[in-house]
Every structure is written in C-alpha cells, then in structure tokens.
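Enquirer: I'd like to ask you about the structure that follows.
Number of protein chains: 2
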Amino acid sequence: MARKSGSDGKKTAQVLRAAATRLFAQYGYAAVSMRQIAAEVGVQAGALYLYTPDKQTLLFQIMDRHMDDLLTAWQGESADSPADPMARLEQFVRFHIRFHLQRVDGVFIAYMELRNLSKENFAVIEAKRRQYERLLEAILQDGSAAGRFELCDSKLSSYAIIAMLTGVTTWYRDDGRLSVEKIEEIYLCMVRGLVMQGSAKTGS
Amino acid sequence: MARKSGSDGKKTAQVLRAAATRLFAQYGYAAVSMRQIAAEVGVQAGALYLYTPDKQTLLFQIMDRHMDDLLTAWQGESADSPADPMARLEQFVRFHIRFHLQRVDGVFIAYMELRNLSKENFAVIEAKRRQYERLLEAILQDGSAAGRFELCDSKLSSYAIIAMLTGVTTWYRDDGRLSVEKIEEIYLCMVRGLVMQGSAKTGS
DNA sequence: TTGCTATTTGAACAAATGTTCAGTTAGTTT
DNA sequence: AAACTAACTGAACATTTGTTCAAATAGCAA
C-alpha cells in the first residue's frame with residue numbers, strides 16, 4: 588500500500604524489461620503472467636502498469652528494441668565495410684553470430700513470439716526483419732555481380748544463411764567445447780562453401 | 588446434453604488432432620484454449636476429455652506423432668539408400684524438404700512448442716529430435732571418411748544443414764515463385780557447396 | 001422393442017488472468 | 001516543516017481457464 592524504500596522508476600523499468608525478456612524467452616509470452624513478471628521484478632502486478640500500458644506493448648517493445656539494436660549495431664559495424672564482397676560477407680557472419688550469442692533471449696523472442704504480436708505490431712517487426720535480411724541479400728548480390736560468388740539462388744541463399752546463423756542460438760552453450768571465435772570460423776567456412784558452390788563444381 | 592446425430596468417436600478424434608495442430612501452430616499452445624479447439628471441432632470443451640486426458644497430453648501426442656512419422660518415413664525412404672555419400676545426402680535433403688513442406692503446421696509445433704512440454708514429455712521429444720539429427724550427422728561423417736566431403740566441422744555442419752532446411756517452412760508458400768522440386772534443387776546446390784568447402788578452397 | 005454403449009451437452013468448480021485505482025508511503029522541492 | 005510528486009500496494013473487477021460429471025440422446029446389438 589506504499590512506495591518501497593529506495594524505489595527508483597528508471598531502475599525498475601530496466602529490471603522489468605530484463606525480467607520480461609528472460610521469462611518470455613524461457614516460457615513463452617502467453618504462458619507467463621504479469622503477476623509472474625512482477626514477482627521477478629519484486630513488485631506487485633499493478634505496479635507494472637506504470638511502465639507499460641499493457642502486456643502486448645511490453646512484448647512489442649522488447650522485440651522492437653532488439654531489432655533496432657541489431658540494425659543500429661550493424662550500421663556501426665559496417666561503417667568501414669571492406670570493398671571485397673567476401674570480406675563483407677565475413678564481416679556480416681561474424682557480426683551476426685557475435686551479436687546473437689550476446690542476446691540469446693532477445694533473439695529467441697524475436698523469432699518465437701511473432702505469432703503473439705497484434706497485426707499492427709507484427710507489421711512493424713516484420714518490416715525490420717526484412718530490412719535486416721536484405722542487408723545480407725545485398726552483400727550476396729554484389730558478390731555475385733562482381734564474379735566473386737556463384738550462388739545457387741540469391742534470395743534463398745540469404746534465407747538459408749540467416750537460418751543457419753540464427754540456429755546457432757539453439758544449441759550454443761557458454762561452457763561448450765567451442766569458443767565464439769571458433770564457431771565464427773566454422774560458420775564462415777560453411778557459408779563460403781555455400782556461396783562459392785559454382786567453384787566447387789568446376790573443382791571436382 | 589445429448590449425443591449429436593451422426594457422431595463417430597474415431598472421426599471426432601481425427602478432427603480434434605487436426606484442429607489442435609492447426610490452432611497450436613497458428614496461435615501457440617498457451618494462447619489457444621480448449622474451448623477454442625472444441626469450437627473448431629464442433630463440440631463443447633467437455634467432449635474433448637473423451638479423447639485426451641488433458642491439454643498437455645494433447646500437445647505431446649501431436650509432437651510425438653510428428654516425430655514418429657518423420658523417423659518412420661525416413662526409414663522407408665532410406666531402405667534402398669545409395670552407397671555414395673553424396674547421393675545419400677541428396678536423398679536426405681530432398682526427403683527433409685518434401686516431408687516438412689507437407690506438414691508445415693506439425694513442423695512448426697515440433698520446433699516452437701518445446702518450451703510448453705513438461706519435463707518428461709520434453710525428454711521424449713528431444714530424444715527423437717536428436718535421433719533425427721544423428722541421421723544426417725552419420726551421412727556427413729561417412730562422406731568425410733570416404734573422402735567425398737570436406738567438412739568445416741562434422742557436428743556443426745549437421746546443425747547448420749538442419750537449420751537451413753527446416754527454415755524453408757518459415758517462408759514457403761504453395762503459390763510462390765518456386766516449386767517444391769526447384770526448392771529442393773537450390774537447397775541441394777547450397778548443401779553441396781557447404782559440405783565440399785575444402786574443394787572450393789583449392790579451386791580458388 | 002428393449003437394453004446397452006457411445007458420444008455429447010451444459011453447467012459447475014476452483015483457480016487464474018489482465019487491468020484498474022484509491023490509498024499509502026518515500027523522495028524531492030519549496 | 002509543509003507541500004508536492006513518484007512509486008508502490010492490495011483488492012477489486014470482469015472474464016477466462018482446464019477439467020469434471022450427471023444427464024440426455026443416438027447408435028447398435030440382442
């Protein structure tokens with residue numbers, strides 16, 4: 588019935604976002620209640636409505652922030668992009684794996700909870716996902732036009748590469764047998780093979 | 588309060604499974620109620636408990652049946668497996684894409700609803716998923732041992748290939764620009780490049 | 001026709017849900 | 001010290017949830 592000692596709105600907002608992200612990733616949006624999230628934050632459910640108009644907006648803002656962070660981080664990363672398409676592809680692959688392994692919960696939600704978004708919210712997130720996918724597609728098309736790649740199909744190659752790269756988050760463990768650097772190397776190796784397919788044919 | 592005219596338990600059971608599969612895939616297990624499933628079946632919620640002990644078991648049985656169908660179908664498909672590892676890999680890739688595109692809802696649930704399974708149910712499904720993944724890993728290892736593949740990493744190659752193949756279900760449309768056959772060819776091409784990566788290096 | 005079985009209805013039950021808000025206390029400003 | 005604002009509590013609200021089960025009807029066998 589009272590304000591808690593030491594309460595700080597900014598701090599609570601951050602704790603709320605982190606708690607909601609973790610619980611949505613672990614159990615799923617619809618399976619987690621506002622009361623559960625509140626308990627994790629250390630407040631009552633009613634207090635959450637000081638920080639979010641409703642549960643749907645809470646989910647949307649987590650996903651939207653994740654996509655914005657991803658696109659912004661790539662913009663910074665690619666500011667000094669090399670000219671060589673293979674080097675740019677390498678830059679993208681390393682970036683994708685590194686960024687995603689640092690935000691496994693956010694990535695998980697961004698891919699798993701699309702169905703729980705309202706139509707309008709879905710459209711916003713979908714547009715940003717397509718924007719990110721087009722980044723890779725552009726790299727692939729440039730490389731193909733420059734004769735550096737021999738793609739099986741431009742669009743499907745970008746779908747396939749994104750799928751395999753994002754798939755890393757489904758099995759990666761911090762204490763696993765492979766470091767992030769090693770995983771980057773191995774996935775780079777596989778992606779090179781995938782985009783250089785034509786050379787593989789002539790080599791056999 | 589009465590039995591419906593023309594009611595047939597076997598038929599209702601099949602309709603229930605199909606309706607639950609479609610609704611779980613479209614909205615998610617936790618977001619769909621037994622009343623919604625019942626409405627889709629054309630009965631009241633109480634009637635569902637003649638066919639399933641509870642909601643969790645309904646989900647589990649859908650996922651379990653899907654995995655059983657997948658493993659059984661592969662067993663039939665690979666009964667006359669060619670000896671050449673590349674041909675066997677091709678067989679697997681075609682099979683995976685074809686099977687998954689014929690059961691998009693089932694596939695979706697099998698991958699998306701793991702979190703909603705109880706511990707015991709999860710263990711059962713997880714074991715079958717690993718069994719399927721090992722099928723591909725065995726093909727890759729045999730090909731590598733025979734000198735036909737030059738893998739970047741045996742285990743990660745199988746993870747990456749499964750991820751990209753399964754990812755097809757996230758964008759495929761029946762009326763899209765590509766036929767299932769064409770998709771198979773393109774993904775085969777990409778998978779070949781991925782497993783022949785070493786040859787690509789020496790070719791450059 | 002009678003008796004039995006199968007299949008369903010419809011309401012009940014206990015519990016949980018998202019959201020609201022008057023009231024209370026902590027922190028800040030005057 | 002007083003006044004104001006911020007941050008929370010706790011209960012209420014309407015609704016929904018999974019599940020149960022007595023009763024009713026349809027289908028089938030004798």
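Chains as they are written, first to last, in our numbering: chain A, 588 to 791; chain B, 588 to 791.
For glycine and all other residues, C-beta sits at the position ideal for the given N, C-alpha and C.
#1: If residue 756/A and residue 687/A are in contact, beta carbons under 8 Å, what's the gap, nearest whole angstrom?
#2: Taking DSSP as the reference, what is the three-state secondary structure of residue 753/B?
#3: According to DSSP, is residue 601/A helix, strand or coil?
#4: Let me see if you follow: with CB-CB separation under 8 Å, is residue 676/B close to chain A or not?
#5: Determine whether the beta carbon atoms of residue 768/A and residue 680/A lie at a separation below 8 Å.
#6: Any beta-carbon of chain B closer than 8 Å to the one on residue 729/A?
#7: Under 8 Å Cβ to Cβ from residue 773/A, same chain only, skipping five residues before and after it: list those, please.
#8: Under 7 Å, CB to CB, which of the residues in the segment 714-748 of chain A have a partner in chain B?
#9: I want to check one thing, is the minimum distance from the CB of residue 739/A to the heavy atoms of the ligand SAM below 7 Å?
#10: For residue 634/A, which of 611/A, 669/A, 596/A and 646/A has the nearest alpha-carbon?
#11: Go through the segment 595-658 of chain B residue by residue and report every complete run of the alpha helix (DSSP H) that reaches 4 residues or more, in order.
#12: Have a look at residue 719/B and residue 737/A and give me their C-alpha separation to the nearest angstrom.
#13: Flag residue 591/B as yes if its beta-carbon sits less than 8 Å from any beta-carbon of chain A, otherwise no.
#14: Note down, in chain order, every chain B residue with its Cβ under 9 Å from the Cβ of residue 754/A.
#15: With distances taken from CA atoms, which of 629/B, 698/B and 648/B is nearest residue 594/B?
#16: Indicate the three-state DSSP secondary structure (helix, strand or coil) for residue 673/A in the structure shown.
#17: Leaving out the 5 sequence neighbours to the left and right, which residues in its chain are closer than 6 Å to residue 697/B when beta-carbon positions are compared?
#18: Which residues, taken in chain order from the segment 687-704 of chain A, show a beta carbon closer than 8 Å to some beta carbon of chain B?
#19: Nearest to residue 615/B by CA position, among 784/A, 702/A and 646/A, is which residue?
#20: At least one CB of chain B closer than 8 Å to the CB of residue 652/A: is that the case?
#21: For residue 615/A, would you say it is in contact with chain B, using Cβ-to-Cβ distances shorter than 8 Å as the test?
#22: For residue 700/A, count neighbouring C-beta atoms within 10 Å of its own C-beta (all shown protein chains included) and say buried if the count is 16 or more, exposed if not.
#23: Mind reading off the beta-carbon distance from residue 676/B to residue 726/B? Whole number of angstroms is fine, and I expect it under 8 Å.
#24: Compute the beta-carbon to beta-carbon distance between residue 605/B and residue 624/B, rounded to the nearest angstrom, for a pair I have assumed lies under 8 Å.
#25: What do you reckon, are the CB atoms on residue 751/A and residue 751/B nearer than 8 Å?
#26: Rounded to a whole number of angstroms, what is the C-alpha to C-alpha distance between residue 745/B and residue 640/A?
#27: Here's a check: name, in chain order, each residue in its chain whose Cβ is nearer than 7 Å to the Cβ of residue 644/B, leaving out the five neighbours to either side.
#28: Anything in the segment 771-784 of chain B with a Cβ closer than 9 Å to a Cβ of chain A? List those residues in chain order, please.
#29: Check each candidate in 759/B, 741/B and 715/B and name the one with the smallest Cα separation from residue 657/B.
#30: Apart from the five residues on each side of it in sequence, which residues of its chain come closer than 7 Å, Cβ to Cβ, to residue 621/B?
#31: Out of curiosity, what's the CA-to-CA distance linking residue 603/A and residue 647/A?
#32: Where residue 729/B and residue 763/B are concerned, what is the direct C-alpha to C-alpha distance, given to the nearest angstrom?
#33: At a CB-CB cut-off below 7 Å, which residues of chain B make contact with residue 618/A?
#34: Going by C-alpha to C-alpha distance, which of 670/B, 747/B, 759/B and 758/B sits closest to residue 778/B?
#35: Within 10 angstroms of its Cβ, does residue 791/B collect 16 or more other Cβ (buried), or is it exposed?
#36: In three-state terms, what does DSSP make of residue 700/B?
Expert: Considering the structure as presented:
#1: 5 Å
#2: helix
#3: helix
#4: no
#5: no
#6: no
#7: 765
#8: 739, 740, 743, 744, 746 and 747
#9: In terms of ligand content, the structure shown is empty, and the ligand SAM therefore cannot be addressed.
#10: 596/A
#11: 596-614, 621-628 and 632-635
#12: 31 Å
#13: no
#14: 746, 747, 749, 750, 751, 753 and 754
#15: 629/B
#16: helix
#17: 650 and 653
#18: 699, 702 and 703
#19: 702/A
#20: no
#21: yes
#22: buried
#23: 5 Å
#24: Going by Cβ atoms, the distance from residue 605/B to residue 624/B rounds to 10 Å, so no, they are not a contact pair.
#25: yes
#26: 44 Å
#27: none
#28: 772, 773, 774, 775, 776, 777, 778, 779, 780, 781, 782, 783 and 784
#29: 715/B
#30: 632, 635 and 642
#31: 14 Å
#32: 36 Å
#33: 617 and 703
#34: 747/B
#35: Reliability of the predicted coordinates at residue 791/B is poor, the pLDDT of 36 falling under 50, and the value obtained from them is presented with this limitation in mind. Exposed: under 16 other Cβ atoms inside 10 Å.
#36: coil
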